[in-house]
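Read through the structure below, which is laid out as structure tokens, and then see the notes.
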Amino acid sequence: GAIRGIPDDYDRWADLGCDGWAWADVEAVFETADTMIPNCPLPAAEWGPVGRALHGAATGLGRPFLPDHHVPAEGASPFRLTLRNGRRVSTNDAYLEHARSRSNLTVRGDTPVDRVVVDGGRTRGVVVDGEQLDANAVVLCAGAIHSPAILLRSGLDRP
Numbered sequence: 007g008a009i010r011g012i013p014d015d016y017d018r019w020a021d022l023g024c025d026g027w028a029w030a031d032v033e034a035v036f037e038t039a040d041t042m043i044p045n046c047p048l049p050a051a052e053w054g055p056v057g058r059a060l061h062g063a064a065t066g067l068g069r070p071f072l073p074d075h076h077v078p079a080e081g082a083s084p085f086r087l088t089l090r091n092g093r094r095v096s097t098n099d100a101y102l103e104h105a106r107s108r109s110n111l112t113v114r115g116d117t118p119v120d121r122v123v124v125d126g127g128r129t130r131g132v133v134v135d136g137e138q139l140d141a142n143a144v145v146l147c148a149g150a151i152h153s154p155a156i157l158l159r160s161g162l163d164r165p
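Using our numbering, read the sequence shown as starting at 7 and increasing by one per residue.
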């Protein structure tokens, strides 16, 4: 499954020129991801001290509690886990392992990406250690810190 953003944010991205990113364009992708590997909220009884503190802080600031984070609103909700047979599953095990044999997929771990190559408004590949690797599609999964840094180095900031 996937944690979705607020629909208005997607529509705003589309309004800024990100074709294909309106909520109407991406909602089906989220539905597909949720169908492939469902995710479930962690029951409140299993929250740890950090989860309880975050919940208390958010509701203490007047944010509503939302039991379902898919509700298109702002508030506090339990984080969801990707589960298989009642056990937590990593992103790698949920999605990647079964796809590794595809001829159109190359996965390189621990590979610092210098930048994404953009030509004519489309991604064309990446530069890794000074070498350009061409691709029909690029999926950037460098985490919350490195993904934005790579995008900025690539000139892919706000239009």
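For every residue, glycine included, the Cβ atom is placed at its ideal position computed from N, Cα and C. Bear in mind the structure is a predicted one, so any value in this text is a computation, not a measurement.
Residues bridged to residue i (per DSSP)
{"i": "Ala82", "result": "Phe71"}
{"i": "Cys24", "result": "In the DSSP output, where bridge partners are listed per residue, Cys24 has none listed."}
{"i": "Pro47", "result": "Arg86"}
Proximity of residue i and residue j at Cβ, strictly below 7 Å
{"i": "Val123", "j": "Arg114", "result": "no"}
{"i": "Leu72", "j": "Gly66", "result": "no"}
{"i": "Ser160", "j": "Arg108", "result": "no"}
{"i": "His76", "j": "Arg10", "result": "yes"}
{"i": "Val145", "j": "Val132", "result": "no"}
{"i": "Thr88", "j": "Ala100", "result": "yes"}
{"i": "Arg86", "j": "Pro47", "result": "yes"}
{"i": "Ile156", "j": "Ala150", "result": "no"}
Spatial neighbours of residue i in its chain, beta-carbon cut-off 6 Å, leaving aside the 5 residues before and after
{"i": "Leu102", "result": "none"}
{"i": "Trp29", "result": "Pro13, Tyr16 and Asp17"}
{"i": "Gly127", "result": "none"}
{"i": "Thr41", "result": "none"}
Sequence-distant residues of the same chain with beta carbon closer than 8 Å to residue i, five excluded per side
{"i": "Trp27", "result": "Tyr16, Trp19 and Ala20"}
{"i": "Asp74", "result": "Pro47 and Ser83"}
{"i": "Trp53", "result": "His61 and Pro84"}
{"i": "Ile59", "result": "A small fix is needed here, since residue 59 is Ala in this sequence, not Ile. Cβ within range, chain order: n/a, list empty."}
{"i": "Gly57", "result": "Leu48, Pro84 and Phe85"}
Within-7 Å CB hit, residue i to chain D
{"i": "Thr65", "result": "Considering every chain present, this structure includes no chain D. It has just one protein chain."}
Same chain only: Cβ atoms within 7 Å of residue i, ignoring 5 sequence neighbours per side
{"i": "Thr117", "result": "Val134"}
Inset, instruction - Counting only runs of 3+ residues fully inside the region 78-122, write out the beta strand (DSSP E) ranges in chain order. - result: Counting whole runs of 3 or more residues, the region 78-122 contains the beta strand (DSSP E) stretches 86-90.
Legend entry - Runs of beta strand (DSSP E) lying entirely within the region 125-164, each at least 3 residues, in chain order: Taking only runs of at least 3 residues, the beta strand (DSSP E) segments lying wholly in the region 125-164 are 128-134 and 137-140.
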